[in-house]
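Quick note: the sequence shown uses the working numbering, first residue 26, plus one each step.
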Amino acid sequence: MHPYVKLAHDTIQNRLAGRALPVAGADFPQTRAAVFVTLHRKGELRGCIGTLIPRFATIDEEIKTNAISAAFEDPRFLPLTEKELPELVVSVDVLSRPEPIRSEADLDPKTYGVIVESGKKRGVLLPDLEGVDTVAYQIAIARNKANIRDDEKIQLYRFTVTRHE
Numbered sequence: 026m027h028p029y030v031k032l033a034h035d036t037i038q039n040r041l042a043g044r045a046l047p048v049a050g051a052d053f054p055q056t057r058a059a060v061f062v063t064l065h066r067k068g069e070l071r072g073c074i075g076t077l078i079p080r081f082a083t084i085d086e087e088i089k090t091n092a093i094s095a096a097f098e099d100p101r102f103l104p105l106t107e108k109e110l111p112e113l114v115v116s117v118d119v120l121s122r123p124e125p126i127r128s129e130a131d132l133d134p135k136t137y138g139v140i141v142e143s144g145k146k147r148g149v150l151l152p153d154l155e156g157v158d159t160v161a162y163q164i165a166i167a168r169n170k171a172n173i174r175d176d177e178k179i180q181l182y183r184f185t186v187t188r189h190e
């Protein structure tokens, strides 16, 4: 198990057990990075929360915070229970810095995540998601997540991820 995934899993496990959050070892990278933590159970999405810009000084704090949010604060799901933990599959995506793009031609849903912005509304979709095979569908999902209508002017950004499972 990758150290990022282990830290996210142990964070969730400790929170469920009422124990202190784990401490990353001295060999853990002390870098800053934007991170998404995604949870699946029985092949279905169970939670996904992350940041596009790092909020903390170190990646371990980013992972722990987003793991807790994905497990217990994702508004699409009830908080995770101890009963679900054995079936939980955790992945951690480390994001590149988002870059503005000129057109949809600069996207590939297998390679790039997308950010769709219109005014203060913003929808985000990670890359390489099952069932998301076209740029149009990727953008439509991101628009929908942010309640951005088809007639609203948008700005597109792309980013890559390094996925740890």
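Each residue gets a CB set at the ideal place from its N, CA and C atoms; glycine is no exception.
Whole-number beta carbon distance between residue j and residue i, since they are thought to touch under 8 Å
i	j	result
leucine 181	phenylalanine 61	19 Å between Cβ atoms; not a contact.
valine 160	aspartate 118	No, valine 160 and aspartate 118 are not in contact; Cβ-Cβ is about 19 Å, not under 8 Å.
Proximity winner among the options, relative to residue i (alpha-carbon distances)
i	options	result
isoleucine 173	Lys145, Thr185 and Ala161	Lys145
leucine 64	Pro47, Lys31 and Thr56	Lys31
valine 139	Ala167, Arg127 and Ser116	Ala167
methionine 26	Arg71, Ala59, Val114 and Gly43	Val114
alanine 33	Glu86, Arg147 and Tyr137	Glu86
glycine 50	Leu70, Lys67, Tyr29 and Ala59	Tyr29
aspartate 176	Arg183, Phe184 and Ala165	Ala165
Boundaries (first-last residue) of the alpha helix (DSSP H) holding residue i
i	result
lysine 170	160-170
phenylalanine 97	84-97
isoleucine 37	28-42
Contact check, residue i vs residue j, beta carbons under 9 Å
i	j	result
arginine 101	glycine 148	no
isoleucine 84	arginine 44	no
Extent of the continuous beta strand (DSSP E) run through residue i
i	result
threonine 63	59-66
isoleucine 140	138-143
Quiz item: Quick check: the region 107-120 against the region 29-42, are there 3 or more CB pairs under 8 Å?
Solution: The answer is yes - the region 29-42 touches the region 107-120, with three or more Cβ pairs under 8 Å.
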